[in-house]
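Chain order of the listed sequences is C and R.
To convert, note that position 62 of the first sequence is 62 in the numbering used here; the numbers rise steadily by one, no gaps.
To convert, note that position 158 of the second sequence is 387 in the numbering used here; the numbers rise steadily by one, no gaps.
Number of protein chains: 2
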Amino acid sequence: MKTTFRDIRDALRARIVARDWPPGALIPSEADLAQEYTCARATVNRAMRELAEEGLIERRRKSGTRVRDVPRRQASFEVPVVRREIEATGARYAYTLISRSVELAPDWLRARLNLDDKTRVLHLICMHFAEGLPYQHEDRWINLTALAQAEQADFSQAGPNEWLLATVPYTDAEISFSAISADQDLARHLGCAPGDALFVAERMTAFQGQSITYVQLVHQRGHQLRMRY
Amino acid sequence: MKTTFRDIRDALRARIVARDWPPGALIPSEADLAQEYTCARATVNRAMRELAEEGLIERRRKSGTRVRDVPRRQASFEVPVVRREIEATGARYAYTLISRSVELAPDWLRARLNLDDKTRVLHLICMHFAEGLPYQHEDRWINLTALAQAEQADFSQAGPNEWLLATVPYTDAEISFSAISADQDLARHLGCAPGDALFVAERMTAFQGQSITYVQLVHQRGHQLRMRY
DNA sequence: CAGTGGTCTAGACCACCCA
DNA sequence: GGGTGGTCTAGACCACTGC
Numbered sequence: 001m002k003t004t005f006r007d008i009r010d011a012l013r014a015r016i017v018a019r020d021w022p023p024g025a026l027i028p029s030e031a032d033l034a035q036e037y038t039c040a041r042a043t044v045n046r047a048m049r050e051l052a053e054e055g056l057i058e059r060r061r062k063s064g065t066r067v068r069d070v071p072r073r074q075a076s077f078e079v080p081v082v083r084r085e086i087e088a089t090g091a092r093y094a095y096t097l098i099s100r101s102v103e104l105a106p107d108w109l110r111a112r113l114n115l116d117d118k119t120r121v122l123h124l125i126c127m128h129f130a131e132g133l134p135y136q137h138e139d140r141w142i143n144l145t146a147l148a149q150a151e152q153a154d155f156s157q158a159g160p161n162e163w164l165l166a167t168v169p170y171t172d173a174e175i176s177f178s179a180i181s182a183d184q185d186l187a188r189h190l191g192c193a194p195g196d197a198l199f200v201a202e203r204m205t206a207f208q209g210q211s212i213t214y215v216q217l218v219h220q221r222g223h224q225l226r227m228r229y
Numbered sequence: 230m231k232t233t234f235r236d237i238r239d240a241l242r243a244r245i246v247a248r249d250w251p252p253g254a255l256i257p258s259e260a261d262l263a264q265e266y267t268c269a270r271a272t273v274n275r276a277m278r279e280l281a282e283e284g285l286i287e288r289r290r291k292s293g294t295r296v297r298d299v300p301r302r303q304a305s306f307e308v309p310v311v312r313r314e315i316e317a318t319g320a321r322y323a324y325t326l327i328s329r330s331v332e333l334a335p336d337w338l339r340a341r342l343n344l345d346d347k348t349r350v351l352h353l354i355c356m357h358f359a360e361g362l363p364y365q366h367e368d369r370w371i372n373l374t375a376l377a378q379a380e381q382a383d384f385s386q387a388g389p390n391e392w393l394l395a396t397v398p399y400t401d402a403e404i405s406f407s408a409i410s411a412d413q414d415l416a417r418h419l420g421c422a423p424g425d426a427l428f429v430a431e432r433m434t435a436f437q438g439q440s441i442t443y444v445q446l447v448h449q450r451g452h453q454l455r456m457r458y
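This is the structure in structure tokens:
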């Protein structure tokens with residue numbers, strides 16, 4: 001059995017967690033570790049690069065590698081696509097288009113998406129259901145200047161998210177999470193009481209510097225976003 | 230100027246985004262690309278490994294590398310430490326301990342943390358302020374079986390999060406986000422109206438298989454968690 | 001079986017940056 | 001200036017898996 005970079009990475013991580021090298025301590029150089037583990041320096045490099053990505057250590061040329069005083073912890077999660085999210089639980093997915101209209105972008109939207117005056121946008125409101133129960137309320141705006149084809153697309157059978165993914169797959173996005181109180185409309189669609197606290201995701205996506213879409217996704221009462229790290 | 234793995238990675242990404250290779254398409258093999266870009270295969274490998282981590286492509290031995298039909302998008306964010314989060318905005322941070330008690334773990338907590346019967350826990354309630362305004366309400370439980378020292382620690386000046394980070398820096402954690410309505414107590418501490426929708430983070434952390442702590446962090450009204458991807 | 005990605009090696013050169 | 005990490009190369013062997 002040869003020593004792999006995984007072995008070395010795990011061994012180093014174990015020594016860090018055991019405080020063999022306490023927070024702030026300097027770790028031996030790549031060359032030294034390569035000798036200790038009888039492997040090439042590139043192998044040690046790969047191992048330590050991964051630990052650096054994990055946020056456990058901090059590397060600098062010349063000064064060497066240190067155990068971070070406070071480990072940098074980052075959590076990540078897969079950006080959900082509502083249909084898959086629902087089907088992954090084994091539930092039946094259903095979709096309804098509630099309204100569709102073409103409008104001039106309202107001021108707040110122009111400000112968020114950095115749109116010109118008089119930009120036309122497609123405004124869609126939809127609902128997503130899991131096993132027949134309301135799951136998510138989607139309020140979406142699509143920039144028709146950037147994506148004129150959207151005006152001809154049929155959103156009566158499938159949600160705009162799936163159409164967008166197929167049409168503009170490679171976007172930059174900003175996402176934010178917060179809480180809002182259900183108004184009359186949301187309460188009716190989501191089957192909760194007005195005033196109930198609801199979990200909201202908002203997303204803006206851009207492609208090649210142009211804003212494509214803004215969406216507000218309001219989840220059913222009690223919804224949680226979970227992840228490990 | 231030599232060709233670096235970054236150059237190759239960016240060039241390949243550009244070709245994918247330009248649909249030079251459309252979703253689902255097979256990308257040339259590492260060996261072919263190495264020839265095309267006049268570099269070593271290891272360099273192409275590094276470039277493509279990063280694209281795979283980004284979720285743009287999917288690699289399999291023998292069958293080769295494909296552009297993902299739907300790119301796997303994952304967002305990541307740095308797990309916030311409230312004091313830093315506040316100080317990063319330039320605001321003054323303040324902390325108050327509201328209550329401290331040692332109790333037997335209630336049933337719901339025993340279930341969540343998988344604790345034995347009659348486990349003693351330290352229960353802390355604290356507030357974090359930004360520029361004098363309520364920012365976050367912290368309701369924390371620490372497993373005294375796993376971390377007996379916590380009983381002697383002084384939480385009147387600094388929050389338990391910082392103490393825990395210094396004491397047990399390398400933990401596994403599960404985090405979840407949701408929305409709740411403010412009850413009387415939360416409303417009073419956070420300076421909002423009862424019933425207001427508030428953004429909540431909950432976190433459970435473990436070390437070496439033992440549950441260390443559970444915390445509920447309720448944020449000021451209107452708080453958002455933002456990230457790009 | 002054979003083609004593809006996954007990894008290791010030994011050596012090399014370079015960029016950075018602390019002393 | 002010199003030590004450290006960052007990266008590239010050329011070659012090699014292996015693991016996986018579709019044919």
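The C-beta atom is built at its ideal place from N, Cα and C for all residues, glycine as well.
Predicted, not measured: the structure shown is a model, and the values here were computed from it.
Limits of the unbroken alpha helix (DSSP H) element including residue i
i                 : result
Ala94 of chain C  : Where Ala94 of chain C is concerned, there is no enclosing alpha helix (DSSP H), although the beta strand (DSSP E) it sits in stretches over Tyr93 to Leu104.
Val246 of chain R : Phe234 to Val246
Thr272 of chain R : Arg270 to Glu283
Limits of the unbroken beta strand (DSSP E) element including residue i
i                 : result
Arg289 of chain R : Ile286 to Arg289
Arg295 of chain R : Gly293 to Val296
Arg455 of chain R : Leu454 to Arg457
Arg349 of chain R : Arg349 to Ala359
Residue i (DSSP reduced to helix, strand or coil)
i                 : result
Arg203 of chain C : strand
Gln35 of chain C  : helix
Ala304 of chain R : strand
Ala254 of chain R : coil
Asp346 of chain R : coil
Asp20 of chain C  : coil
Val70 of chain C  : coil
Val310 of chain R : coil
Residues that residue i bridges to, as DSSP identifies them
i                 : result
Val447 of chain R : R:His366 and R:Val429
Gln439 of chain R : R:Phe436
Closer than 8 Å: residue i CB and nearest the ligand GDP heavy atom
i                : result
Met48 of chain C : Annotation note on the ligand GDP: not contained in the displayed structure, which lists no ligands.
Segments of 3+ residues assigned as beta strand (DSSP E) that fall wholly inside the region 367-421 of chain R:
401-410
Listed in chain order, which residues of the region 293-322 of chain R have Cβ atoms closer than 7 Å to some Cβ of chain C?
Val299, Pro300, Arg301, Arg302, Gln303, Ala304, Ser305, Phe306, Glu307 and Val308
Determine which residues of the region 202-228 of chain C have a Cβ less than 9 Å from any Cβ of chain R, and write them out in chain order.
Glu202, Phe207, Gln208, His219, Arg221, Gly222, His223, Gln224, Leu225, Arg226, Met227 and Arg228
Contact list for the region 165-181 of chain C against chain R, Cβ threshold 9 Å:
Leu165, Ala166, Pro169, Tyr170, Thr171, Asp172, Ala173, Glu174, Ile175, Ser176, Phe177, Ser178, Ala179, Ile180 and Ser181
Please name the residues in the region 187-202 of chain C whose beta-carbon is closer than 9 Å to at least one beta-carbon of chain R, in chain order.
Gly195, Asp196, Ala197, Leu198, Phe199, Val200 and Glu202
Which residues, in chain order, does the region 239-255 of chain R contribute to contact with chain C at a C-beta distance below 8 Å?
Ile245, Val246 and Pro252
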